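Following: one structure in structure tokens, then a few remarks.
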Amino acid sequence: MPEVKKVTDPKKIVTDKRVLKRLVELGIDHHFVEFWHDYAPRSKGEEHSPYAKFYRDLKSNKRIMVVSGLPMVKPDGTKIQVGWLKQGNRYVSRPNLFSATVRGTQITLTCLNDQPSGVKTDDAVTYRPQLFLSGIEQFPLSNEPILLPRDPANPDYKKNVLEWDFGICKRRLRIIEGRVRGSWVFNTNPNGGIRVKYNQAGNHKIKLGPYAINADEEVMSQLVFDDPESEYPIKLKDSATYYPDAHVESDTVDGSVSSSYGIGSGVVWDTMHDLVTGHLAYSEDDPLRCASIKSDNSSGKWRQIARGILLLDISGLGPLAEIGGLTLTLVSDGKLQTSTNWEVENNIYSSNPAVNTAIALADNDKNDFGTTPYCDTSISFTNWAADGSDNDFVFNAAGIAAAQAALDGDGIFKLGVRDSTQDVPDTEPTWENAKYSYANAWSVDKGGASRPKLVVTYTSPKP
73 MPEVKKVTDP
83 KKIVTDKRVL
93 KRLVELGIDH
103 HFVEFWHDYA
113 PRSKGEEHSP
123 YAKFYRDLKS
133 NKRIMVVSGL
143 PMVKPDGTKI
153 QVGWLKQGNR
163 YVSRPNLFSA
173 TVRGTQITLT
183 CLNDQPSGVK
193 TDDAVTYRPQ
203 LFLSGIEQFP
213 LSNEPILLPR
223 DPANPDYKKN
233 VLEWDFGICK
243 RRLRIIEGRV
253 RGSWVFNTNP
263 NGGIRVKYNQ
273 AGNHKIKLGP
283 YAINADEEVM
293 SQLVFDDPES
303 EYPIKLKDSA
313 TYYPDAHVES
323 DTVDGSVSSS
333 YGIGSGVVWD
343 TMHDLVTGHL
353 AYSEDDPLRC
363 ASIKSDNSSG
373 KWRQIARGIL
383 LLDISGLGPL
393 AEIGGLTLTL
403 VSDGKLQTST
413 NWEVENNIYS
423 SNPAVNTAIA
433 LADNDKNDFG
443 TTPYCDTSIS
453 FTNWAADGSD
463 NDFVFNAAGI
473 AAAQAALDGD
483 GIFKLGVRDS
493 TQDVPDTEPT
503 WENAKYSYAN
513 AWSVDKGGAS
523 RPKLVVTYTS
533 PKP
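What follows is the structure, given as structure tokens:
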């Protein structure tokens, strides 16, 4: 056999820190591992994916895929570029899965390829949001937005956020790979109720957040701003998500579901734990609300359990691949605890949302989550990493088998993130007066290096 030489081509040297870490764990010399396939359209065949990169060990048949929930290339293979460009009196988006144009406060989004929702190529929506405080319309200090030099949500991105100053709040329009995210950011109490009317026109719609009262309006009462538990900044959000394929089975989502009873309106543990239709569902938000439990100020009553949902497309491995190991990395969005008798611990389980591309209130049902842990060791509140640092979940035999079953099926690996000490065993903790414990991560909407990533080691009979 010819001598296997170290990889010296700068374009093929492994630089991904999570891959390097995994190679050390496997006892593989990274000098003999090459960066094999970059993000690519599925049309290029097996071991190509718009969501994944691939590596291979030149000394063995071991290979590695790193997959996340953001598409990085267009269907024609063109690399997605994130950002806005100024053209005359308007801003336009760089190459993405959509085309976006902003003139003053008016936004037009045009779909560039067929979508799993049924939206077709060249379908467009135009909207011009209006903001009302206690029924009185508020206007921006200038109709012309400011292009922020860096993304306030993730400094990995530059010149991808437009901002209008409305005095009582800031309106932001953020774009990343395949996603348009609008937000109304309130840093202080506006001292009144808020209504936003989007005035949408066209043959597809943007998606509104949990305060929507219909398909075109959102209302946030003054009670939300006055609530002593409200954490500023408070945001109203709107969104649009575009995928590289029209097939629902090939596209994914992540986010959270939870019960959420108001302070003083809590319920007994079993009612909260077994709630089938939740109060909150997030699939277009930066935080991935993992394990979270809140008690009420009434003895024996509880207010919240949150559960995370994370779907990943692993179909790029190809149908003949044999999975040998997996490590899921969730980047911390912080943790906080006031309880003394109980704390949350995160572990990975199965999930089963109704559809692959959205999270609904009905996905809160405990029966849509598994109870078999995919990792032998949960990560306790104490050991949950500081904000911005990695939390690594190394999958056990059950997790590996579940991934193989997903690959042998539709290729979508459906994961849940739950508290392993109270939520999963349905064990009521010792009640304390208005306390909480949570440990959260960043979702795919955070983007950049902060998005969840799954490192898969596998073998394949293909050369």
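Take my numbering: the final residue in the sequence shown is number 535, and no numbers are missing along the way. Don't be surprised by glycine CBs; every beta carbon is placed ideally from N, CA and C. The structure displayed is predicted, hence computed values, not measured ones.
Taking C-alpha positions only, V416 is separated from G141 by approximately 26 Å.
Check the Cα spacing between I248 and each of G372, R166 and T410: the tightest is with R166. Put simply, the region 106–119 does not touch the region 278–286. Fewer than three CB pairs are less than 8 Å apart. If you look at G471, you'll find it in the alpha helix (DSSP H) that goes A469 to D480. The Cβ-Cβ distance between R375 and D495 does not fall below 9 Å.
Taking V105 as reference, the option from R128, L526 and K93 with the minimal CA-CA separation is R128. Secondary structure of W503 (DSSP, three-state): coil. Linking T412 to S332 through their CA atoms gives a straight-line distance of about 21 Å.
With distances taken between CA atoms, V466 lies nearest to T449 out of G406, T449, E119 and P82. The alpha-carbon separation between D482 and S423 amounts to approximately 15 Å. Residue environment for N263: exposed (fewer than 16 other C-beta atoms within 10 angstroms of its C-beta). Apart from the 5 residues on each side of it in sequence, R175 sits with its Cβ closer than 6 Å to the Cβ of R162 in its chain, given in chain order. Secondary-structure assignment with DSSP links P74 through no beta bridge to anything. Contact check for T324 against Y123 passes: the beta carbons are separated by less than 9 Å. Runs of beta strand (DSSP E) with 3 or more residues, each lying fully within the region 181–238, are found at 196–199, 202–205, 208–210, 218–222 and 230–237, listed in chain order. Where D342 is concerned, the enclosing alpha helix (DSSP H) starts and stops at W341 to H345. Pairwise C-beta distances place the region 522–532 in contact with the region 383–402, as three or more of them are shorter than 8 Å. When the Cα atoms are used, D498 and H345 turn out to be separated by approximately 7 Å.
Between the C-alpha atoms of V86 and T260 there is a straight-line separation of about 46 Å. Annotation for Q294: the continuous alpha helix (DSSP H) segment containing it runs Q294 to D298.
By the Cβ neighbour-count rule, I484 is buried, with 16 or more other Cβ atoms within 10 Å of its own. Only residues of its own chain outside the window of five on either side were considered, and among them A470 have a CB closer than 6 Å to the CB of T444, listed in chain order. In the DSSP assignment, E97 falls within the alpha helix (DSSP H) that extends over K89 to L98. Between R246 and N232 a beta carbon distance of about 6 Å is seen, short of the 8 Å cut, so the two are scored as contacting. The secondary-structure analysis by DSSP pairs H103 with nothing; it has no beta-bridge partner. By the neighbour-count definition (other C-beta atoms within 10 Å, threshold 16), D194 is an exposed residue. In the DSSP assignment, E415 falls outside any beta strand (DSSP E), carrying neither H nor E. Excluding the 5 residues flanking it on each side, I451 has same chain C-beta neighbours closer than 6 Å at N418 and N463, in chain order. Of the other Cβ atoms in all chains shown, 16 or more fall within 10 Å of the Cβ of E290; this residue is therefore buried.
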